[in-house]
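Following: one structure in structure tokens, then a few remarks.
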Amino acid sequence: MKALEGVKILDFTHVQSGPTCTQLLAWLGADVIKVERPGVGDATRKQLVDKPGADSLYFTMLNHNKRSIELNSKNETGKEVLTRLIKACDVLVENFAPGALDRMGFSWENIQRINPRIIMASVKGFGPGKYENCKVYENVAQCSGGSASTTGFLDGPPMITGAQIGDSGTGLHLALGIVSALFQREKSGRGQRVLAPMQDGVLNLCRVKLRDQQRLSAGPLTEYSQFSSGIEFGDATPRAGNDSGGGHPGRILKCKGWRNDPNAYTYFITQTAVWEKICDVIGEPEWKTREGYATPAERLDKLDDIFNRIEQWTMTKTKFEVMDICNPLDIPVGPIISMKEIMEDEGLRRTGTIVDVDHPERGRYTTVGCPIKLSDSPVDVERSPLLGEHTREILEDVLGYGGEDLARVIESGAVGEIKS
Ligand code: COA
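Residue numbers for the sequence shown follow my numbering, so the first one is 40 and each next one is one higher.
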């Protein structure tokens with residue numbers, strides 16, 4: 040048995056944010072039925088193609104464990120099929136541009152009339168207000184949610200982070216909203232709307248930067264290296280480079296091999312509680328008691344020198360040797376792990392977070408499995424569906440079409456070419 044067994048999801052999502060959410064729900068056991076435009080499908084199927092003729096990794100890595108039905112939701116028979124899907128499902132998830140569902144004739148009011156128990160979950164770029172009608176992509180959300188203004192170095196432009204906090208981050212928020220709404224429905228018997236705006240999702244992940252915005256009015260942010268470098272603060276939370284977001288100074292430092300390996304670096308935090316152990320490890324035991332070095336406040340104006348000295352030590356070790364030495368001493372360090380190293384990581388493979396999947400068009404590929412582990416709901420990662428692979432199965436088994444009725448739907452062209 041799986042955690043969400045018996046839950047049917049009408050997956051009207053595309054690109055990344057919505058598919059991330061429905062993929063998680065599928066891994067937790069929901070039956071996810073992905074509705075795609077006949078002959079076209081999710082745009083990502085044909086984006087960043089690495090194997091001509093095969094679904095892209097962009098698509099396959101975001102749509103595991105789902106079923107696919109081709110359906111033109113804009114013609115009459117298509118609307119009839121969609122209506123039956125809405126009746127049959129517990130949740131409709133969508134991340135169309137604002138107004139697209141209404142233009143199809145499926146406003147929230149209509150959807151509720153068709154199925155009062157349904158939960159309708161949406162990702163949009165912005166919540167209600169001035170920008171509610173904007174189409175939004177990942178990097179736009181990173182800019183509007185406060186992430187870009189606080190990422191990068193002080194003397195450089197705002198930066199986008201590699202983690203897809205706008206799309207995948209908002210997909211995660213939406214998934215939590217959906218399971219909460221399902222839980223509430225157990226008691227209320229009613230469905231509800233769930234909205235996860237990307238701006239809000241990014242801001243939620245940038246919470247500590249809004250914290251710093253308010254701390255600024257009480258004086259400079261002493262844990263930022265900008266303070267130890269003597270550079271004045273402006274009126275907004277500045278870009279903090281690689282400074283640690285907590286109260287303990289941290290930096291990225293070079294390790295052995297850095298000249299040839301762009302990832303031969305470690306994160307290193309001068310955690311107050313282990314300052315004495317740090318002094319011993321780097322060969323500066325007298326710093327433990329020397330005036331100007333013994334307390335965190337005294338060290339603030341010397342952080343550049345202190346980290347330079349620590350780096351002289353880290354440069355004599357590989358990033359993994361630094362980890363092996365510091366970990367037992369509770370000194371927080373983090374080797375910079377490349378995607379290549381992650382693909383080869385035995386530990387991540389053992390836990391199912393990195394998995395290999397077979398695909399009929401593209402062969403074997405590596406993907407990220409479910410990052411959430413439930414002891415009673417194990418996850419088997421299954422390949423993404425081909426476009427319309429399950430159209431007949433869904434029409435017959437989920438919606439009960441058969442005989443002449445099924446033939447009528449197929450002949451109408453609303454469901455594309457039937458493949459099986
Ligand atoms: N049958 C018929 N029409 C379909 C269909 C189907 N199965 N599936 C989609 N369509 C139509 C939509 O109804 C829409 O038509 P309309 O413009 O006439 O109303 C059209 O396809 C395009 O949909 P849209 O969502 O506008 O796609 P887009 O490529 O223009 O925009 C986004 C893409 C991502 C910018 C936009 O969907 C968006 O802003 N989404 C919300 C925020 C979001 O999730 N962004 C991140 C994506 S990772």
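Every residue, glycine too, gets a C-beta built ideally from N, C-alpha and C.
Whole angstroms are fine: how far does the CA of residue j sit from the CA of residue i?
i           : j           : result
residue 107 : residue 249 : 41 angstroms
residue 209 : residue 56  : 6 angstroms
residue 285 : residue 254 : 13 angstroms
residue 252 : residue 281 : 18 angstroms
residue 377 : residue 182 : 25 angstroms
residue 445 : residue 153 : 21 angstroms
residue 81  : residue 98  : 8 angstroms
residue 397 : residue 438 : 29 angstroms
residue 311 : residue 287 : 7 angstroms
residue 192 : residue 230 : 46 angstroms
residue 228 : residue 145 : 22 angstroms
With H, G and I counted as helix, E and B as strand and the rest as coil, what does DSSP make of residue i?
i           : result
residue 161 : strand
residue 262 : coil
residue 345 : helix
residue 442 : helix
residue 120 : helix
residue 307 : strand
residue 97  : helix
residue 320 : helix
residue 411 : coil
residue 135 : coil
residue 367 : helix
residue 336 : helix
residue 330 : coil
residue 47  : strand
residue 373 : strand
Check this for me: beta carbons of residue i and residue j, under 8 angstroms apart or not?
i           : j           : result
residue 395 : residue 389 : no
residue 42  : residue 413 : yes
residue 375 : residue 349 : no
residue 242 : residue 184 : yes
residue 143 : residue 113 : yes
residue 423 : residue 102 : yes
residue 247 : residue 306 : no
residue 216 : residue 303 : no
residue 72  : residue 50  : yes
residue 186 : residue 275 : no
residue 327 : residue 336 : no
residue 357 : residue 458 : no
residue 452 : residue 430 : no
residue 268 : residue 206 : no
residue 420 : residue 116 : no
residue 158 : residue 125 : no
In terms of alpha-carbon separation, which member of the options lies closest to residue i?
i           : options            : result
residue 219 : 206, 130, 135      : 130
residue 127 : 436, 194, 288, 449 : 436
residue 212 : 52, 237, 151, 190  : 237
residue 166 : 449, 137, 439      : 137
residue 433 : 70, 380, 115       : 70
residue 462 : 358, 98, 316       : Given that the chain is displayed from residue 40 to residue 459, the structure contains no residue 462 and the question cannot be resolved.
residue 65  : 45, 79, 224, 391   : 45
residue 75  : 88, 87, 53, 86     : 53
residue 341 : 263, 152, 149      : 263
residue 177 : 198, 158, 194, 204 : 204
residue 195 : 278, 430, 366      : 278
residue 60  : 407, 339, 417, 214 : 214
residue 346 : 301, 290, 417      : 290
residue 147 : 456, 382, 232, 224 : 232
residue 298 : 268, 355, 272      : 355
residue 226 : 156, 353, 428      : 156
residue 400 : 67, 79, 58, 95     : 95
residue 408 : 84, 331, 67, 442   : 67
For the ligand COA, is there any heavy atom lying closer than 7 angstroms to the beta carbon of residue i?
i           : result
residue 74  : yes
residue 107 : no
residue 170 : no
residue 95  : no
residue 181 : no
residue 154 : no
residue 176 : yes
residue 477 : The displayed coordinates of the chain run from 40 to 459. Any statement about residue 477 would go beyond what the structure contains.
residue 110 : yes
residue 136 : yes
residue 57  : yes
residue 285 : no
residue 239 : no
residue 82  : yes
residue 341 : no
residue 143 : yes
residue 132 : no
Is any beta-carbon of chain B found at less than 8 angstroms from that of residue i?
i           : result
residue 323 : Here chain B cannot be found, since the structure has a single protein chain.
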